[in-house]
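Student: If you read the protein sequences in the order shown, they are chains A and B.
Take the first sequence: its position 193, counted from the start at 1, is 192 in numbering that gives the first Met the number 0, and no numbers get skipped.
Take the second sequence: its position 280, counted from the start at 1, is 279 in numbering that gives the first Met the number 0, and no numbers get skipped.
Cβ atoms here follow ideal geometry from the backbone N, Cα and C, with glycine treated the same way.
Here the structure is a predicted model, which means the values were calculated and not measured.
Have a look at this one before I ask anything.
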Amino acid sequence: MRRPWLIVLVVVWALLPWVLGRHHVDLLVFAAIYTIAGLGVGLLLGHCGIVTLAQSVFYAMGAYASAIITVNLKLPASLGFVVGMIASGVIALALGWPVLRLTGFFLAVATLALAMIANALFFEWDWLTGGTVGIGAIPKLGLFGFVLDTPLTFYYFAWVVAAIAMLLVHNLVAGRTGLAMRGMRDSLDAARVLAIDVHGLRVTIFVVCAVLGGVSGSLFAHYTGYVSVASFTIDKAILFLLIPVLGGAASIPGVVVGALFITFVPELLSKLGDFHGIVFGLALIVVVIAAPHGIVGTIRQWRKRALDESTATPGEANK
Amino acid sequence: MFSSLVVQAILSGVTNGVIYALIGMGIAVIYKGSGVINAAQGEFSLIGAVVAVFAMKAAGFSYPIAFIAGAVFGILLGIVVDVVLVRPMVRRKADEDAFLLLTIGIAFAISAGVLFFAGRDYFTLPSIGSDGVAIVFDATIRYHAIWVIVACAAIVAALRFFYRKTSFGLAMMAASIDADGAATTGINVAAMRTATYGMGGLLGALAGLLVAPIVPISYYMGLVLTLKGFCAAMIGGLTNPMGAIVGGIILGLVESLAIVFIASAYKDVVAFSVLLVIMILVPQGILGRRGRKGG
Numbered sequence: 000m001r002r003p004w005l006i007v008l009v010v011v012w013a014l015l016p017w018v019l020g021r022h023h024v025d026l027l028v029f030a031a032i033y034t035i036a037g038l039g040v041g042l043l044l045g046h047c048g049i050v051t052l053a054q055s056v057f058y059a060m061g062a063y064a065s066a067i068i069t070v071n072l073k074l075p076a077s078l079g080f081v082v083g084m085i086a087s088g089v090i091a092l093a094l095g096w097p098v099l100r101l102t103g104f105f106l107a108v109a110t111l112a113l114a115m116i117a118n119a120l121f122f123e124w125d126w127l128t129g130g131t132v133g134i135g136a137i138p139k140l141g142l143f144g145f146v147l148d149t150p151l152t153f154y155y156f157a158w159v160v161a162a163i164a165m166l167l168v169h170n171l172v173a174g175r176t177g178l179a180m181r182g183m184r185d186s187l188d189a190a191r192v193l194a195i196d197v198h199g200l201r202v203t204i205f206v207v208c209a210v211l212g213g214v215s216g217s218l219f220a221h222y223t224g225y226v227s228v229a230s231f232t233i234d235k236a237i238l239f240l241l242i243p244v245l246g247g248a249a250s251i252p253g254v255v256v257g258a259l260f261i262t263f264v265p266e267l268l269s270k271l272g273d274f275h276g277i278v279f280g281l282a283l284i285v286v287v288i289a290a291p292h293g294i295v296g297t298i299r300q301w302r303k304r305a306l307d308e309s310t311a312t313p314g315e316a317n318k
Numbered sequence: 000m001f002s003s004l005v006v007q008a009i010l011s012g013v014t015n016g017v018i019y020a021l022i023g024m025g026i027a028v029i030y031k032g033s034g035v036i037n038a039a040q041g042e043f044s045l046i047g048a049v050v051a052v053f054a055m056k057a058a059g060f061s062y063p064i065a066f067i068a069g070a071v072f073g074i075l076l077g078i079v080v081d082v083v084l085v086r087p088m089v090r091r092k093a094d095e096d097a098f099l100l101l102t103i104g105i106a107f108a109i110s111a112g113v114l115f116f117a118g119r120d121y122f123t124l125p126s127i128g129s130d131g132v133a134i135v136f137d138a139t140i141r142y143h144a145i146w147v148i149v150a151c152a153a154i155v156a157a158l159r160f161f162y163r164k165t166s167f168g169l170a171m172m173a174a175s176i177d178a179d180g181a182a183t184t185g186i187n188v189a190a191m192r193t194a195t196y197g198m199g200g201l202l203g204a205l206a207g208l209l210v211a212p213i214v215p216i217s218y219y220m221g222l223v224l225t226l227k228g229f230c231a232a233m234i235g236g237l238t239n240p241m242g243a244i245v246g247g248i249i250l251g252l253v254e255s256l257a258i259v260f261i262a263s264a265y266k267d268v269v270a271f272s273v274l275l276v277i278m279i280l281v282p283q284g285i286l287g288r289r290g291r292k293g294g
């Protein structure tokens with residue numbers, strides 16, 4: 000076994016909800032849901048250098064797709080997931096194709112504009128989305144005749160989905176596509192010389208990000224049983240951006256750390272009212288200034304430095 | 000009847016437009032001076048207005064004093080943002096994404112701070128001049144709105160004079176155009192960037208102070224204002240702060256005519272769609288003079 004710590008992690012993960020109270024298990028479910036959406040944003044930010052503020056749009060589309068399919072059309076929940084993923088992907092393709100011609104600041108502002116337009120449309124198209132009233136009574140998910148109606152059961156389901164998403168993203172990043180993405184991020188001209196279809200690759204990753212957002216949204220809809228436009232504001236888009244930035248955009252465990260941060264910090268600060276927003280903003284500022292590789296990236300750097308120092312011969316260390 | 004509706008739309012469009020223009024000018028000034036798009040520009044407006052409101056309500060200052068307090072606070076905020084946050088990142092030679100994340104973080108923190116300390120209330124300031132209205136071709140315009148337009152024109156003239164005729168303004172321009180060249184002639188480039196952020200903070204706060212009597216201000220409005228201002232600056236061409244005036248007025252007119260001809264609910268949708276189309280199809284803006292990086 001190459002990674003013994005992985006077994007320890009799985010055992011801790013399996014036992015954790017039995018130790019924690021129902022409320023904390025509930026938060027861990029949200030951490031799993033946010034991890035999936037954050038993975039997509041991290042893929043764009045960490046490997047392509049693209050800042051997206053539009054993840055809330057695709058999260059909303061997944062959630063609305065699941066709600067409309069199961070409540071309004073009374074069709075099975077699995078279809079809701081599929082439709083949500085396809086709708087997110089198709090819209091991401093249609094929007095991403097023109098918008099991803101932009102880079103840097105301008106691309107980020109464009110995604111912010113998309114998120115604001117989408118939020119206004121979700122609000123106005125109440126015949127479809129229910130507007131501020133929303134869509135309620137979304138049925139619980141069933142799996143092999145087993146209903147996921149408690150935080151405990153949903154905890155296992157959501158984290159398994161999150162783990163699959165992590166594995167898929169890991170494979171994508173570790174393979175040729177990952178190399179191409181990082182090549183494109185670090186040297187655009189060199190990537191073009193190596194015949195990497197830069198625009199096509201950016202659009203592809205944008206679509207992957209959107210599909211992850213859609214899955215995350217569908218899970219959210221089935222878990223809470225209620226969706227409304229209030230869940231899909233621009234604040235949500237900034238939270239999804241915060242997740243990979245805090246933990247470390249290029250690292251998959253970093254995304255999990257970021258998701259845990261944004262779910263548990265408001266809980267820890269709940270006595271102070273709306274104080275967590277300030278902490279989120281300051282956390283973003285501090286990480287960007289002091290730890291550009293995020294929490295996990297910075298810890299890795301420390302470990303690497305410590306390792307280098309311990310393996311170096313004394314003579315070298317004194318140079 | 001219909002024509003007066005259109006005249007009314009044009010009047011309110013121009014009024015809103017000059018506000019967007021002020022925010023856009025702030026964004027353009029900071030972009031030109033430091034190469035950063037400041038996503039917190041609308042938050043400067045929010046802070047300016049909220050400080051003035053609290054100076055009047057909590058501290059009991061008169062309106063002119065509160066107005067000045069809001070503007071000064073804007074300048075200070077801009078300076079603090081540069082000295083405390085931007086400077087270490089410039090020293091590290093951080094990339095564009097990092098600056099963008101930084102300003103998003105600033106915007107989020109300020110918005111959350113206003114929510115925490117001031118609550119979910121909507122804040123208004125008294126009108127400048129009297130509360131009355133003037134009648135123009137069967138349509139009405141508030142005296143305050145006329146003052147806003149006059150103030151905007153004055154700010155534009157002052158800005159133009161500052162950047163072209165005063166040695167301080169010229170030094171700021173020089174530092175932004177060629178940092179190394181400016182340094183060799185004895186200009187303190189870092190101080191000029193700080194001054195640029197102070198200027199951006201001032202323009203942002205003024206926009207907030209002028210808009211608060213027309214549109215009540217609340218904690219969540221910063222990003223919308225930023226995006227409207229960015230749209231104004233983009234239409235005019237980001238490298239030309241004066242272009243933001245034309246861009247802002249065009250945006251204001253498009254918005255208010257969208258209210259008349261489409262529906263008021265789609266005003267922001269129309270405005271941000273215009274932004275996307277302009278960014279993709281006319282990246283130089285209609286008055287932009289030189290190319291920009293990044294698109």
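Reducing DSSP to helix, strand and coil, say where ALA64 (chain A) ends up.
Tutor: helix
Student: Can you give me the C-alpha to C-alpha distance between ASP267 (chain B) and ILE298 (chain A), rounded to a whole angstrom?
Tutor: Roughly 43 Å between the two C-alpha positions.
Student: Going by other Cβ atoms of all chains shown within 10 Å of its Cβ, with 16 needed for buried, is PRO212 (chain B) buried or exposed?
Tutor: buried
Student: Have a look at the DSSP bridge pairing and note the partners of ALA133 (chain B).
Tutor: B:ILE140
Student: Return the residues of the stretch 271 to 300 of chain A that lie within a Cβ-Cβ distance of less than 9 Å from chain B, sorted by chain order.
Tutor: LEU271, GLY272, ASP273, PHE274, HIS275, GLY276, ILE277, VAL278, PHE279, GLY280, LEU281, ALA282, LEU283, ILE284, VAL285, VAL286, VAL287, ILE288, ALA289 and PRO291
Student: So, is the C-beta of ILE242 (chain A) closer than 8 Å to a C-beta in chain B?
Tutor: no
Student: Hey, ALA114 (chain A) and ILE233 (chain A): beta-carbon distance below 8 Å or not?
Tutor: yes
Student: Compare the C-beta of GLU123 (chain A) against all C-beta atoms of chain B and say whether one is closer than 8 Å.
Tutor: yes
Student: If I measure Cβ to Cβ from ALA194 (chain B) and keep anything under 6 Å in the same chain, skipping five residues before and after, which residues do I get?
Tutor: MET171
Student: Do you know offhand how far ALA181 (chain B)'s Cα is from ARG119 (chain B)'s?
Tutor: The alpha-carbon atoms of ALA181 (chain B) and ARG119 (chain B) are separated by roughly 46 Å.
Student: Taking 8 Å as the CB-CB limit, is ALA108 (chain B) close to chain A?
Tutor: At a cut-off of 8 Å, the C-beta of ALA108 (chain B) has a neighbouring C-beta in chain A.
Student: Quick check: is any heavy atom of the ligand PLP less than 7 Å from the C-beta of ILE258 (chain B)?
Tutor: Among the ligands in the structure shown, none appear at all, so the ligand PLP cannot be discussed.
Student: Cβ of ILE134 (chain A) less than 8 Å from any chain B Cβ?
Tutor: no
Student: On a Cα-Cα basis, can you pick out the residue from B:ILE277, B:THR14, B:VAL71 and B:VAL5 that is closest to VAL214 (chain B)?
Tutor: B:THR14
Student: What residues of chain A sit near ALA58 (chain B), judged by a beta carbon separation below 8 Å?
Tutor: Under the 8 Å cutoff, chain A gives no residues; its nearest Cβ is about 23 Å from ALA58 (chain B).
Student: Expressed to the nearest angstrom, what Euclidean distance is found between the alpha-carbon atoms of SER217 (chain B) and GLY25 (chain B)?
Tutor: 20 Å
Student: Looking at the strands, I want to know which residues DSSP matches up with VAL146 (chain A).
Tutor: A:GLY141
Student: Does the stretch 47 to 57 of chain A come into contact with the stretch 225 to 239 of chain A, if we say contact requires no fewer than three beta-carbon pairs (one atom in each stretch) closer than 8 Å?
Tutor: yes
Student: Enumerated in chain order, which unbroken segments of the alpha helix (DSSP H) with a length of 4 residues or greater are wholly contained in the stretch 191 to 253 of chain A?
Tutor: Restricted to the stretch 191 to 253 of chain A, the alpha helix (DSSP H) segments that are unbroken, complete and at least 4 residues in length are 197 to 223 and 233 to 246, listed in chain order.
Student: Just how far apart, CA to CA, sit LEU38 (chain A) and ALA162 (chain A)?
Tutor: 11 Å
Student: Under 8 Å between C-beta atoms, does ALA107 (chain A) make it to chain B?
Tutor: yes
Student: Return the bridge partner residues of PHE122 (chain B) from the DSSP annotation.
Tutor: B:ILE216
Student: Just how far apart, CA to CA, sit ALA66 (chain A) and GLY133 (chain A)?
Tutor: 9 Å
Student: Would you identify the three-state DSSP class for ILE148 (chain B), choosing helix, strand or coil?
Tutor: helix
Student: TYR225 (chain A): which of A:ASN71, A:LEU92, A:VAL256 and A:LEU8 sits nearest, CA to CA?
Tutor: A:ASN71
Student: Per DSSP, which residues does ILE134 (chain A) bridge with? Please list them.
Tutor: Bridge partners of ILE134 (chain A): A:VAL226.
Student: Between the alpha carbons of ALA270 (chain B) and GLY79 (chain A), how many angstroms are there, rounded?
Tutor: 32 Å
Student: Given a cut-off of 8 Å on the beta-carbon distance, is the pair MET220 (chain B) and GLY41 (chain B) in contact?
Tutor: Against a cut-off of 8 Å, the Cβ pair of GLY41 (chain B) and MET220 (chain B) comes out as a contact.
Student: Quick check on TRP96 (chain A): does DSSP put it in helix, strand or coil?
Tutor: helix
Student: According to the neighbour-count rule (16 or more other Cβ atoms, all chains shown, within 10 Å of its Cβ), is TRP158 (chain A) buried or exposed?
Tutor: buried
Student: For GLY247 (chain B), which residues of its own chain have a beta-carbon under 7 Å away from its beta-carbon, when the five flanking residues on both sides are left out?
Tutor: GLY16, VAL17, TYR19, ALA20, GLY23 and ALA231
Student: Which residues in chain A have a C-beta closer than 7 Å to the C-beta of PRO87 (chain B)? List them in chain order.
Tutor: ILE288
Student: Measuring alpha carbon to alpha carbon, tell me which residue in B:ILE277, B:LEU208 and B:THR225 is nearest ALA68 (chain B).
Tutor: B:LEU208
Student: Is any beta-carbon of chain A found at less than 8 Å from that of TYR142 (chain B)?
Tutor: no
Student: Apart from the five residues just before and just after LYS292 (chain B), which ones in its own chain have a Cβ nearer than 7 Å to its Cβ?
Tutor: Bear in mind that the predicted position of LYS292 (chain B) carries a pLDDT of just 41, short of 50, making it too unreliable to give a figure here.
Student: For a contact defined as C-beta to C-beta under 8 Å, what are the partners of ALA97 (chain B) on chain A?
Tutor: VAL287 and PRO291
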